[in-house]
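Enquirer:
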Amino acid sequence: MTDSPVHDPNDVAAAVPDLETIVSLSKRRGFVFQSSEIYGGINAVWDYGPLGVELKNNVKRAWWKSMVQERDDIVGLDAGILMHPQVWVTSGHVGSFSDPLVECGTCRRRYRLDELPGAEGLSVTDLADPTVIERFRLICPNDGGPLSAPRRFNLMFQTFMGPVQDDASIVYFRPETAQGSYVNFKNIQQSSRKKIPFGIAQIGKSFRNEISPGNFVFRMREFEQMEMQYFVRPGDAATAAFDDWLPRRLAWYGQYGVAPERLRLREHAKDELAHYARKAVDVEYRFPFGWKELEGVHNRGDFDLSRHAAASGENLEYFDPATEEHFIPWIVETAAGADRAAFTFLIDAYREEEVRGERRVSLSLHPDLAPYKVAVLPLLKKRPEIVELCHRILADLKRDLMAVYDDTAAIGKLYRRQDEIGTPWCVTVDVDSLEDMAVTVRDRDTMTQERIPVDGVKRAILDRMESARS
Ligand code: ATP
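Position in the sequence shown (first residue = 1) + 219 = this note's numbering.
Next up, the structure:
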């Protein structure tokens with residue numbers, strides 16, 4: 220898929236005008252930093268700072284909750300990143316997990332063919348045509364130089380296992396988590412005694428040597444996936460499972476705050492389908508750089524288990540005790556990215572408004588996703604009794620929630636800081652609190668304030684979190 224912007228006048232606007240707004244907020248407030256920045260950085264790897272790791276963990280937790288915790292028919296797995304190299308031969312990744320690469324004859328820059336200006340709209344058949352460069356008069360976007368014919372570039376990273384570095388010791392960094400679920404199908408089915416239909420969910424790192432990474436954490440070389448493989452009876456049951464999962468996955472993004480007008484579905488054309496897919500529909504989001512894939516839902520047929528059964532010699536058939544049939548299950552997959560999802564929630568939560576003549580930036584993150592749920596702030600940090608009460612409230616909150624204390628500025632500024640990192644509620648302790656044992660709870664989005672007894676603060680925050688879920 221190309222990462223270049225769309226130019227449709229009827230298109231909806233992105234939630235932020237440009238990526239820079241989010242990149243600079245991320246760096247300034249500690250969501251995301253460039254990897255190895257003091258050495259000039261390494262391309263397409265990003266580090267999550269103190270707030271980013273909370274956000275991304277919360278995204279993964281929200282996914283796990285809806286895909287495992289709340290389901291009777293799905294169980295979890297955490298498979299190794301390194302797998303037997305034959306897995307990637309059988310899956311087709313060694314042979315065909317590649318993108319078309321072209322190189323400029325003068326400046327030597329390399330490009331992914333489908334991302335060149337003039338090639339954005341080309342069909343998969345055209346992109347595979349060796350004469351595509353001449354036919355569409357494509358030139359180097361940097362210096363206008365001549366481009367080589369496209370060659371396939373395999374996206375898998377490889378390394379060596381053990382002390383000898385030869386072809387026999389090559390192993391791959393997994394480019395997707397899904398294969399771990401396929402090769403463990405029998406282990407999981409037998410140990411959990413699940414009956415079909417059932418699913419295996421997994422969250423973990425994947426690695427792809429992308430030719431043109433970019434757009435911040437949208438396309439990275441090291442990233443995290445959240446994938447679920449749903450095993451069903453062959454044929455119609457797979458179509459029904461697909462039709463059930465697709466709207467559920469779309470709704471999940473809305474449930475956690477993404478505006479419905481910036482989400483859409485896009486079905487893959489026949490010549491665009493991956494080698495394993497019978498049907499594929501992407502959930503797309505309107506990023507500042509265009510409509511892009513957030514997640515793919517795929518009907519993979521019996522491709523995976525049939526191939527692994529044939530290559531390993533293991534019988535991967537399922538026995539249905541009700542009908543006394545043996546069959547290879549079909550698989551419906553939901554494949555999402557944790558980084559892409561966290562990025563989307565961050566972008567879509569961004570708000571800028573004018574409040575009493577001042578610019579207010581806030582992140583209207585769903586409370587379940589917000590890094591901190593609550594901040595405890597003293598109105599006067601010079602009064603030790605106020606600070607002491609703040610710390611008592613904070614200690615109680617921290618037993619159940621991510622909470623933070625801040626006294627490094629005047630209250631107005633403290634509120635603005637919390638708004639900007641998406642903290643849904645601030646608890647302010649003032650002089651009156653010492654008399655009436657009550658505090659002010661301020662809401663991030665409405666900026667309304669409510670006086671609540673100190674003893675009821677945690678309950679009030681937990682209740683508000685609960686009502687944000689319904
Ligand atoms: P694309 O078309 O964007 O290259 P893909 O179709 O190859 O993606 P899948 O193989 O279906 O993606 O992977 C599932 C999900 O994993 C994607 O929807 C995306 O959220 C995430 N993902 C894939 N590649 C990357 C990457 N390089 N960086 C970050 N996330 C990624």
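Backbone N, C-alpha and C fix where the C-beta goes; we use that ideal spot for every residue, glycine too.
Beta-carbon within less than 7 Å of Glu-571's beta-carbon, same chain only, minus the 5 sequence neighbours each way: which residues are those?
Expert: Position 352 of the sequence shown holds residue 571. Once the five neighbours on either side are set aside, the close Cβ partners of Glu-571 are Arg-578, Val-580.
Enquirer: Could you pull out every residue in the same chain whose Cβ sits closer than 8 Å to the Cβ of Ala-456, ignoring the five residues on either side in sequence?
Expert: If you number the sequence shown from 1, residue 456 lands on position 237. Around Ala-456: Pro-416, Trp-549.
Enquirer: Applying the 10 Å Cβ sphere with the 16-neighbour rule, what's the burial state of Ala-561?
Expert: Taking the first residue of the sequence shown as position 1, residue 561 is located at position 342. Ala-561 is buried by the Cβ-count criterion.
Enquirer: Take the Cβ of Ile-257 as the centre, count every other Cβ of all protein chains shown within 10 Å, and call the residue buried at 16 or more, exposed below.
Expert: Here residue 257 refers to the residue found at position 38 of the sequence shown. The residue in question, Ile-257, is exposed, as its Cβ has fewer than 16 Cβ neighbours within 10 Å.
Enquirer: If you run the structure through DSSP and keep just helix, strand and coil, what is Gly-314?
Expert: Working through the sequence shown from its first residue, we reach residue 314 at position 95. DSSP places Gly-314 in helix when its eight states are reduced to three.
Enquirer: I'd like to check one pair, Asn-518 with Ser-488: are the Cβ atoms closer than 8 Å?
Expert: Residue numbering aside, residue 488 sits at position 269 when the sequence shown is read from its first letter. Residue numbering aside, residue 518 sits at position 299 when the sequence shown is read from its first letter. Looking at the sequence shown, residue 488 is not Ser but Ala. Not closer than 8 Å, so no.
Enquirer: In this structure, does DSSP put Met-380 in helix, strand or coil?
Expert: Numbered from 1 along the sequence shown, position 161 holds the residue referred to as residue 380. DSSP places Met-380 in coil when its eight states are reduced to three.
Enquirer: Exposed or buried, which one is Lys-677 when buried takes at least 16 other CB atoms within 10 Å?
Expert: Counting from one through the sequence shown, the residue named residue 677 turns up at place 458. Result: buried.
Enquirer: Between Asp-462, Tyr-391, Phe-426, Ile-241, which has its C-alpha nearest Pro-304's C-alpha?
Expert: Against the sequence shown, residue 304 aligns to sequence position 85. Nearest option by C-alpha distance: Tyr-391.
Enquirer: Can you find a heavy atom of ligand 1 that lies under 7 Å from the Cβ of Ala-561?
Expert: Here residue 561 is taken as the residue at index 342 of the sequence shown, counted from 1. No, the beta carbon of Ala-561 sits no closer than 7 Å to any heavy atom of ligand 1.
Enquirer: Below 8 Å on the Cβ atoms is my guess for Ile-671 versus Ala-657; work out the distance and round it to an integer in Å.
Expert: For the purposes of this step, residue 671 is taken as residue 452 along the sequence shown, with counting starting at 1. For the purposes of this step, residue 657 is taken as residue 438 along the sequence shown, with counting starting at 1. That pair is a contact at about 6 Å.
Enquirer: Count the CB pairs spanning the stretch 425–438 and the stretch 552–567 that are closer than 8 Å, and state whether there are at least three.
Expert: Contact holds: three or more Cβ-Cβ distances are below 8 Å.
Enquirer: To the nearest angstrom, report how far apart Phe-379 and Thr-396 are at their CA atoms.
Expert: Reading the sequence shown from its first residue, position 160 is the one you call residue 379. Reading the sequence shown from its first residue, position 177 is the one you call residue 396. For Phe-379 and Thr-396, the distance between alpha carbons rounds to 20 Å.
Enquirer: Considering only the alpha carbon of each residue, which of Ser-525, Arg-483, Phe-538 lies closest to Lys-511?
Expert: Start at 1 with the first residue of the sequence shown, and residue 511 comes out as number 292. The shortest Cα separation from Lys-511 among Ser-525, Arg-483, Phe-538 belongs to Arg-483.
Enquirer: Quick one: residues in its chain with C-beta nearer than 8 Å to the C-beta of Gln-377, no 5 flanking neighbours on either side, listed in chain order?
Expert: Taking the first residue of the sequence shown as position 1, residue 377 is located at position 158. Once the five neighbours on either side are set aside, the close Cβ partners of Gln-377 are Ile-389, Val-390, Tyr-391, Phe-392.
Enquirer: Could I get the ranges of all uninterrupted beta strand (DSSP E) runs contained in the stretch 251–310, with 3 residues as the minimum, in chain order?
Expert: Segments of the beta strand (DSSP E) lying fully in the stretch 251–310: 251–253, 265–267, 293–296.
Enquirer: So within the stretch 547–622, which uninterrupted alpha helix (DSSP H) runs reach at least 4 residues, ignoring any that extend past its ends?
Expert: Taking only runs of at least 4 residues, the alpha helix (DSSP H) segments lying wholly in the stretch 547–622 are 557–568, 603–617.
Enquirer: Answer yes or no: the CB of Asp-558 versus the heavy atoms of ligand 3, is any distance below 7 Å?
Expert: This structure simply doesn't include ligand 3; it includes ligand 1 instead.
Enquirer: Any chance the CB of Leu-513 is under 7 Å from a heavy atom of ligand 1?
Expert: Start at 1 with the first residue of the sequence shown, and residue 513 comes out as number 294. Under cutoff, so the answer is yes.
Enquirer: For Ser-411, count neighbouring C-beta atoms within 10 Å of its own C-beta (all shown protein chains included) and say buried if the count is 16 or more, exposed if not.
Expert: Start at 1 with the first residue of the sequence shown, and residue 411 comes out as number 192. Under this definition Ser-411 is an exposed residue.
Enquirer: In whole angstroms, what separates the C-alpha of Phe-252 from that of Pro-453?
Expert: Position 33 of the sequence shown, counted from the first residue, corresponds to residue 252. Position 234 of the sequence shown, counted from the first residue, corresponds to residue 453. Phe-252 and Pro-453: Cα-Cα distance of roughly 46 Å.
Enquirer: In the DSSP assignment, find the beta strand (DSSP E) that holds Ile-640 and state where it starts and stops.
Expert: Position 421 of the sequence shown, counting from 1, holds the residue named residue 640. It is not in any beta strand (DSSP E) - Ile-640 instead sits in the alpha helix (DSSP H) that spans 630–640.
Enquirer: Quick one, are the C-beta atoms of Glu-443 and Ile-422 less than 8 Å apart?
Expert: Residue mapping note: residue 443 aligns to position 224 of the sequence shown, counting from 1. Residue mapping note: residue 422 aligns to position 203 of the sequence shown, counting from 1. Contact flag set, yes.
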